[in-house]
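Residue numbers (our numbering), protein chains in the order written: chain A, 1 to 114; chain B, 1001 to 1110.
As structure tokens, the structure follows; a few thoughts come after it.
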Amino acid sequence: DGGITQSPKYLFRKEGQNVTLSCEQNLNHDAMYWYRQDPGQGLRLIYYSQIVNDFQKGDIAEGYSVSREKKESFPLTVTSAQKNPTAFYLCASSKRTGQTGELFFGEGSRLTVL
Amino acid sequence: GIQVEQSPPDLILQEGANSTLRCNFSDSVNNLQWFHQNPWGQLINLFYIPSGTKQNGRLSATTVATERYSLLYISSSQTTDSGVYFCAVVGGGSNYKLTFGKGTLLTVNP
Chain A
1 DGGITQSPKY LFRKEGQNVT LSCEQNLNHD AMYWYRQDPG QGLRLIYYSQ IVNDFQKGDI
61 AEGYSVSREK KESFPLTVTS AQKNPTAFYL CASSKRTGQT GELFFGEGSR LTVL
Chain B
1001 GIQVEQSPPD LILQEGANST LRCNFSDSVN NLQWFHQNPW GQLINLFYIP SGTKQNGRLS
1061 ATTVATERYS LLYISSSQTT DSGVYFCAVV GGGSNYKLTF GKGTLLTVNP
């Protein structure tokens, strides 16, 4: 089935460790996005990518890094520089960029820093 | 940037009741989507509706872009409708960023 797969669903990490969240899509979508959600809040954009080997910062990119080496994959690394990394992370994709493209989301990854 | 306000923030219904959720936005939009976030956190696409009216079963949505608002109607609510409903828009000045409202938490009691 076509869709967006995020892994792991739950992740625990100690302070000072980097962690990478996986996002894979088989929808043949051009654009991919990472959002962060904190309790009781809406989603905020971390990074987005419109094409392979290109990506741009969103509103809250500090402490995060991404890569887009393949059309299907857009991994997010939460670095030790991110001061409040505990959150719910959602990956999304769209056929075109957000201006006219409908976004579809994965099931999310819940990161807890101990 | 564009502002998105949703109301009410919380809504409690008895099963079978109807409801209307509202989304106001501060500027012209190129894209507007309604999502339902289930208890496990997944965002389910309900409508892609930058303008006009759409219906899908018990749910329907209307966006009046000239007046900068959208409405989501839920009829004959069921307990499975519980969760958070988000409105998200791409403002006219942006080509990528979907800006979310803070959501409406709907609880449907049996």
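Quick reminder that beta carbons are idealized off the backbone N, C-alpha and C, glycines included.
A quick note: this is a predicted structure, and the numbers were derived from the prediction, not measured.
Just measuring C-alpha positions, the residue of Val-52(A), Leu-27(A), Tyr-48(A) sitting nearest Glu-69(A) is Val-52(A). One Cα belongs to Glu-62(A), the other to Leu-111(A), and the distance between them is close to 17 angstroms. Within the segment 41 to 70 of chain A, no run of alpha helix (DSSP H) reaches 4 residues while sitting entirely inside it. Distance check between Thr-1053(B) and each of Ile-1044(B), Thr-1063(B), Cys-1087(B), Leu-1046(B) places Thr-1063(B) closest, using alpha-carbon atoms only. Taking every protein chain shown into account, the CB of Ile-1049(B) has 16 or more other CB atoms within 10 angstroms, so this residue is buried. Within a 10 Å sphere around the beta-carbon of Pro-1110(B) sit fewer than 16 other beta-carbons, which makes this residue exposed.
The criterion of a C-beta distance shorter than 9 angstroms is satisfied by Ala-92(A) and Leu-103(A).
In this chain, Glu-15(A) is not harboured by any beta strand (DSSP E), its DSSP state being neither H nor E.
Following the DSSP letters along the chain, one finds Ala-81(A) in no beta strand (DSSP E), marked with neither H nor E. DSSP places Phe-1047(B) inside the beta strand (DSSP E), whose first and last residues are 1043 to 1048. The C-alpha of Pro-75(A) is placed about 7 angstroms away from the C-alpha of Thr-20(A). Only residues of its own chain outside the window of five on either side were considered, and among them Arg-1022 have a CB closer than 6 angstroms to the CB of Ser-1007(B), listed in chain order. For Gly-1103(B), the neighbours in chain A by C-beta distance under 7 angstroms run, in chain order, Gly-42.
For the pair Gly-1083(B) and His-1036(B), the CB atoms are nearer than the 9 angstroms cut-off.
The Cβ neighbour count for Tyr-89(A), taken over all protein chains shown within 10 Å, is at least 16; the residue is labelled buried.
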